[in-house]
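Residue numbers (numbering that gives the first Met the number 0), protein chains in the order written: chain V, 0 to 251; chain H, 0 to 312. Positions of the beta carbon are idealized from the N, C-alpha and C atoms, including for glycine. All remarks here apply to the structure that follows.
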Amino acid sequence: MRIAVVMKLVPDVVEELVLSEDGKRLERGDIALKANEFDEQALEQALLLKESSGAELTVIAAETGDVDEMLYTALAKGADRALKLVGDGLQDGIWNAQYAGILVDVIADVGADAVLTGVQANDDLDGQLATWLAAGLGWSFATVVSGVEAAGESLIAKKEFAGGLTANLRLPLPAVLGIQASPEPPRYAPISRVRQIMKTQSLEEREVTAPAGSITVLSLRPPEKTGGAEMIEGDVQAKAARIAEVLAQQGI
Amino acid sequence: MKKVLAFIDVVDGQPGEIGYELLDFARQAAPEAELVAVGAGPQAALEGLAGADRALWTVADGYRPDLVGEVLTAAIVAEQPDLVLVGSTAVGMDAGTYAAAKSGYASIAYVRSLEPLDGSLAAQSVILGGKMVARVAVPDRTVLQVLAGAGSAERGRVPGRPAQVGTLAEPAAKASFEGFGRPEAQDVDITRHDVLVSVGRGIGDASNIELAEELAEALGGVVSSSRPVVDAGWLPKARQVGKSGNKVKPKVYLALGISGAPEHLEGMRDAACIIAVNTDPAAPIFEVAHYGVVDDVLDFIPALTESLRVRQG
Ligand SMILES: Cc1cc2nc3c(=O)[nH]c(=O)nc-3n(C[C@H](O)[C@H](O)[C@H](O)COP(=O)(O)OP(=O)(O)OC[C@H]3O[C@@H](n4cnc5c(N)ncnc54)[C@H](O)[C@@H]3O)c2cc1C
Ligand SMILES: Nc1ncnc2c1ncn2[C@@H]1O[C@H](COP(=O)(O)O)[C@@H](O)[C@H]1O
């Protein structure tokens, strides 16, 4: 099996989100970007599959910001190849439909028969990448997957619904999976190992052209305050005492 | 707007609440449009969908992602609706974008409301973990993935079947279904407790869960959590609150180090009293909380436990 893991950078929402002057998008140069956490889960799931079934693993990311560290870290964790997609316009960010448009050819060239990516990302305004890709490639697929096993010419995927209900699905290869969670938490790659990989291995690059995006954002802004919480002030003891009082009022 | 399709989630033979919510959402957004319910499942799942003018139904059992995607695609191709509504759920995530891509429709996700825009519509989408709302122009022929709670299931559920039910042949599916897995019974059922001390990634480490256990004990409640805490293996799955966990409605919900992503809010926003503690004053959890504290949970939790013990003597 040849697995491709597609990753993307997303705004780190714990850091300040700076809006562009026209108020329609984030000022990508002024915000912190990080690997989509669900893509990290997809990478871990792929590494587990590689370990259990000897798959070859290629990690792919479009250069919508500085993706080098994300890709080298994936190599340090055990990916065999890392492919960086470069081209005009990528630095401003691309929508998932555009990303899928780019990836269809790339995945054919990589020769992958399974593509794993995060179930969603925090900026998926035009829908999720896994399903854009599944439709574009015409492959079998499942999203919200929290466990994958190789079974000959198929993958067995566990899909999650609400309330802890799951479905076991047999997906014939080639297949696309939107990964919610890996059976094991993402492994850690020591910085020293990442540094060493940077010296001994290199990223492959490929020039790509993104198709036009189809989404028109009119404005982007923080949610309007809808009353919101009564904020408790003071030092930690005072705040705790006030919350204890609130709890007492609730009859607790 | 002439025609709206609403995709009805069916899992394990049961229609989800979201289907009724979408029917209501569609009526509110486009009262004059013909409303067609589309889905795949047993015939019995059509009960309660009389609010739709028509249904287009595929009789199918089990669950296959490409089957729901292909059913919705076929319905779109046959009906050429102006707007397609899909739930932002585990089923909608298989069907929505896939059908948009296959039928050449536009796709907009995480929609919580629609508003008029120059004779057309704009969607408000909640993105970036709930920290931003994007207003997006809705082109004619769009699939919208609508968030849970955007419509009212109570209003949308109308006894009986739609006046007209058409059948859609079962499309070929590549995936095969090998059975459902059901959650194991657990010692603690978080849906039955009045007080939930819920911890998120902000709790930092497995060893800190103990602090929450002590607080829960002082309050006569139990510990629950957001998804990352479960994925990290710090608490069992049965303790998870949210979209892919449990829906809870306790008297008091303490959200400790939980950011308030839409998938978490879906499971707890109806709690009677929500108290949130977070180091980030801009955390979306404060939008739904009744009381908010900006502080480090590792300082706050022991302080609250101590305060309660003092009060209790
Ligand atoms: C299909 C699908 C289903 C999902 N289902 C669920 C679900 O059922 N339940 C669920 O919860 N999520 C679910 N998620 C995940 C969801 O999108 C979020 O990723 C998740 O809710 C975030 O959890 P969190 O708030 O604990 O972590 P984060 O978003 O990382 O937030 C941690 C918060 O802690 C704060 N913090 C950090 N340190 C401290 C400190 N020392 N003291 C105080 N505060 C601190 C931070 O400011 C931050 O706000 C689902 C996602 C998908 C795609
Ligand atoms: N996933 C994304 N995250 C952040 N910004 C994006 C994303 N996708 C697109 N953008 C930017 O948002 C802009 C808005 O689209 P447009 O109206 O076409 O200019 C795009 O051109 C990109 O620069």
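Identity of the residues DSSP links to residue i by a beta bridge
| i | result |
| --- | --- |
| Tyr252(H) | Leu195(H) and Ile273(H) |
| Lys13(H) | What sits at residue 13(H) in the sequence shown is Gln, not Lys. Val10(H), per the DSSP bridge assignment. |
| Pro280(H) | Paired residue(s): none; Pro280(H) is not in a bridge. |
| Glu204(V) | Lys83(V) |
| Ile257(H) | None, per the DSSP bridge assignment. |
| Glu159(V) | Thr165(V) |
| Val222(H) | Val196(H) |
| Met230(V) | Gly291(H) |
| Gln239(H) | Ser224(H) |
| Ala136(H) | Ala121(H) |
| Ser52(V) | For Ser52(V), which the question treats as bridged, DSSP gives no partner whatsoever. |
| Leu391(H) | The question about residue 391(H) has no answer here: the residues shown for chain H are numbered 0 through 312. |
| Ile178(V) | Gly117(V) and Val144(V) |
8 angstroms Cβ cut-off: residues of chain V touching residue i
| i | result |
| --- | --- |
| His289(H) | Ala228 and Glu229 |
| Leu21(H) | In chain order: nothing, as chain V lies at least about 16 angstroms away. |
| Gln144(H) | Gly126 |
| Leu303(H) | Ala239, Ile242 and Ala243 |
Between the CA atoms of residue j and residue i - distance to the nearest angstrom
| i | j | result |
| --- | --- | --- |
| Ala237(H) | Phe176(H) | 24 angstroms |
| Ala43(H) | Gly12(H) | 8 angstroms |
| Ala166(V) | Thr142(V) | 11 angstroms |
| Leu66(H) | Gly150(H) | 26 angstroms |
| Val9(H) | Arg63(H) | 11 angstroms |
| Gln123(H) | Pro10(V) | 19 angstroms |
| Thr88(H) | Gly110(V) | 31 angstroms |
| Ala120(V) | Ala41(V) | 12 angstroms |
| Glu159(V) | Leu32(V) | 28 angstroms |
| Ser213(V) | Val187(H) | 47 angstroms |
| Val85(H) | Val110(H) | 10 angstroms |
| Met0(V) | Leu154(V) | 10 angstroms |
| Gly68(V) | Gly162(V) | In the sequence on display, residue 68(V) carries Glu and not Gly. The straight-line gap from Cα to Cα measures roughly 37 angstroms. |
| Asp52(H) | Ala74(H) | 15 angstroms |
| Leu128(V) | Val118(V) | 8 angstroms |
| Arg205(V) | Gln90(V) | 15 angstroms |
| Phe285(H) | Ala275(H) | 6 angstroms |
| Glu183(V) | Trp56(H) | 39 angstroms |
| Asp93(H) | Val76(H) | 18 angstroms |
| Glu223(V) | Leu48(V) | 44 angstroms |
| Val235(V) | Ile202(H) | 17 angstroms |
| Gly50(H) | Gly155(H) | 6 angstroms |
| Glu244(V) | Ile30(V) | 40 angstroms |
Where residue i falls, given that 16 or more other Cβ within 10 Å makes a residue buried
| i | result |
| --- | --- |
| Gly118(H) | exposed |
| Tyr104(H) | buried |
| Pro261(H) | buried |
| Ser243(H) | buried |
| Gly232(H) | exposed |
| Lys238(V) | buried |
| Ile107(H) | buried |
| Pro280(H) | exposed |
| Ser191(V) | exposed |
| Ala247(V) | exposed |
| Gln97(V) | buried |
| Val17(V) | exposed |
| Arg220(V) | exposed |
| Val229(H) | buried |
heavy atom of ligand 4 below 6 angstroms from residue i C-beta
| i | result |
| --- | --- |
| Thr130(V) | Annotation note on ligand 4: not contained in the displayed structure, which lists ligand 1 and ligand 2 as its ligands. |
Chain V residues whose Cβ lies nearer than 7 angstroms to that of residue i
| i | result |
| --- | --- |
| Ala99(H) | Gly126 |
| Asp65(H) | Ser139 and Phe140 |
| Leu307(H) | Ala243 |
Assigned secondary structure, residue i (DSSP; H/G/I helix, E/B strand, else coil)
| i | result |
| --- | --- |
| Thr165(V) | strand |
| Phe179(H) | strand |
| Ile107(H) | strand |
| Ala120(V) | coil |
| Asn245(H) | strand |
| Thr57(V) | strand |
| Ile202(H) | helix |
| Leu172(V) | coil |
| Lys101(H) | helix |
Where residue i meets chain H, residues with beta-carbon distance less than 8 angstroms
| i | result |
| --- | --- |
| Pro210(V) | Near Pro210(V) there are no residues of chain H at all, since even the closest Cβ is about 12 angstroms away, more than 8 angstroms. |
Chain H residues whose Cβ lies nearer than 7 angstroms to that of residue i
| i | result |
| --- | --- |
| Asp122(V) | Ile126 and Leu127 |
| Asn167(V) | Glu177, Gly178 and Gly180 |
| Ser213(V) | Ala105 |
Within chain V, the residues that residue i reaches when beta carbons sit closer than 9 angstroms
| i | result |
| --- | --- |
| Leu255(H) | Correct list: empty, because the minimum Cβ distance to chain V is about 11 angstroms. |
| Gly95(H) | Gly126, Gln127 and Thr130 |
| Asp230(H) | Gln40, Ser145, Gln179, Ala180, Ser181 and Pro184 |
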